[in-house]
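Trainee: The opening residue of the sequence shown carries number 3 in our numbering; numbering runs sequentially from there.
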Amino acid sequence: MGEYLRRFWQPVCLSNQLKDVPHPIRILGEDLIAFRDLSGQVGVMHRHCAHRGASLEYGVIQHHGIRCCYHGFHYAVDGTLLEAPTEPDKGARLCKSVCQGAYPALERDGLVFAYMGPSDQRPPFELWDAFEPDGETEFVPFTNVFPCNWLQILDNIADQMHTSVLHQPATLFPGEVPADLDLGPLTLPSFGSVPVIDYFPVRDATAMVFVAGRRTSDDLVWWRMNECALPNMTHHAYLFEDGKERRLFHRVHMVRWYVPVDNTNSIVFGWRMFGKKTDPLGKGRRERVGWNDMDFLEAQVGNRPYEIARRAPGDYEAIVSQRPIAIHALENPTSGDVGVYLFRKILREAGDSHSGGDAMGLKTSAKPSANAERLKKYKARMRAAGFSPLSVWVCPELVKMLAMERRPAECRGRVLERLLLGEARMRPEFWAKEEPLAKGKQASKRLKRAACS
Ligand code: FES
Ligand SMILES: [Fe+2]
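Here's what the structure looks like:
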């Protein structure tokens, strides 16, 4: 799997960690340094000098590249040996046979990315819709550090059922919540009800979209759609939605990559998006986003005293306590774990497609495309279908899904059908109303009638 992850550009540190001295990092089991030379180029290199191994974290940044402190070997950002000052010919001969291991690197919106795979198979940096600037949305880079395997952090996203338990801690207490516990910062109020969820492999099974449906009023259904994309990236819908207003579309609220440091340590890198389009309710706290911190919920990182974390656990405690590497063979899957197992399957098959180093069979994650036209069409089709999702991640398959949901015979097991059928059973009085219906409700009601017939 490590070889597979290397076939993609991975974030390795924050731009603002590149200061006047080289920054030591450990990614994918390798000790590296990252730096920005005085001409502005970013370098990501093996940490130990190719001469006799002194650490380049003590190297001196040059106008172009970096110079080892021990004997002054001077390397360009691509690892080329430019000079060996103690050699009679200043290293002219040595430069032909010695170089420093280095990886291609680039910066984007405050994150430094490196490509650590075979040089002849380097893909272009994937530009997803969510990365597009709109002149208003601010991308704030962050890291969250976890002392555990990367996959169980990603599992936590595919596992949306936990939002209605772990993030409603009051439900965990039998009776009164202890007065000295402030559970507010650990609670996502809109996620209180157990959602109806469906999971869809999309884009030739290179990603999984999952849709959580919750009714927020007689008129509104909140559809929250997230995506896990191969190999280790997720797109997140708005976390502060309260479902009180009709809203058609949100930009992605957060993008994350789950990057192994080694088998039992990981760093989640990403961008939190700020601005009116992503946070119309103004709940984000930009000052809490950065190195090992996160704003939308407490306990996203291990920055709380153990005694407090034990009494009021959050995502960090749940994930890390699954052991340094969660043991899948000991798990007892439930119906709420479908997303976890589906994305693991997608990931396993993609990794297998790469086994033996056959790049021809490699499943890459994205076919990210220019968004504007697609989004326009998507919005039009959503309106025409009479649906009003409040918070969505856009993908062409979603349009297909919604089109299918208008034809119940084809949509067995889909979210809307299940939501409506569940409501028909649970709330017959709601569906018995005969007042004139809004367009969206007409579509829903037709579906419900057809589904029940
Ligand atoms: S160890 Fe780096 S120049 Fe000698
Ligand atoms: Fe969570």
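For each residue, glycine too, the CB sits at the ideal point set by N, CA and C.
Bear in mind the structure is a predicted one, so any value in this text is a computation, not a measurement.
(1) Is any heavy atom in ligand 2 found nearer than 7 Å to the beta carbon of H164?
(2) Would you call the segment 169–189 in contact with the segment 323–332, where contact means no fewer than 3 C-beta pairs closer than 8 Å?
(3) So what's D317 in DSSP terms, helix, strand or just coil?
(4) By how many angstroms is the C-alpha of N234 removed from the C-alpha of P203?
(5) If you compare alpha carbons, which of D22, Q64, V179, V14 is closest to H48?
(6) Please report the residue range of the beta strand (DSSP E) in which Q43 lies.
(7) According to DSSP, is V198 helix, strand or coil?
(8) Do you know how far the Cα of D22 is from the Cα of A132?
(9) Once DSSP output is grouped into helix, strand and coil, what is the label at F10?
(10) On the three-state DSSP scale, how would you describe S337?
(11) Just how far apart, CA to CA, sit L108 and T208?
(12) I need the boundaries of the alpha helix (DSSP H) containing A160, first residue and last residue.
(13) What is the C-beta distance between G277 and M256, in whole angstroms, given that I count them as a contact (C-beta under 8 Å)?
(14) Per DSSP, what kind of secondary structure is L344 in: helix, strand or coil?
(15) Rounded to a whole number of angstroms, what is the C-alpha to C-alpha distance between L40 and G112?
(16) Considering only C-alpha positions, which residue in the set R124, L344, K347, L84 is nearest to V100?
(17) Considering only heavy atoms of ligand 1, list every residue whose Cβ is less than 5 Å from one of them, following chain order.
(18) Around the C-beta of E158, are 16 or more other C-beta atoms found within 10 angstroms, so that it is buried, or is it exposed?
(19) If you draw a straight line from the alpha carbon of Y240 to that of D281, how long is it in whole angstroms?
(20) If you follow the beta strand (DSSP E) that R249 is in, where does it begin and where does it stop?
Mentor: Put simply:
(1) Of the heavy atoms belonging to ligand 2, at least one sits nearer than 7 Å to the Cβ of H164.
(2) no
(3) helix
(4) Each residue's Cα considered, the two are about 15 Å apart.
(5) V14
(6) Neither: Q43 is in no beta strand (DSSP E) and is coded neither H nor E.
(7) strand
(8) 32 Å
(9) coil
(10) helix
(11) 24 Å
(12) 152–160
(13) Contact doesn't hold; Cβ gap of about 13 Å is too wide.
(14) helix
(15) Spanning the two alpha carbons is a distance of roughly 18 Å.
(16) L84
(17) For ligand 1, the residues with a Cβ under 5 Å from any of its heavy atoms are, in chain order, C51, H53, R54, A56, C70, Y72, H73, F75.
(18) Just to set this straight, residue 158 is Asn in the shown sequence, not Glu. Looking at its Cβ environment, which holds 16 or more other Cβ atoms inside 10 Å, N158 is buried.
(19) 7 Å
(20) Neither: R249 is in no beta strand (DSSP E) and is coded neither H nor E.
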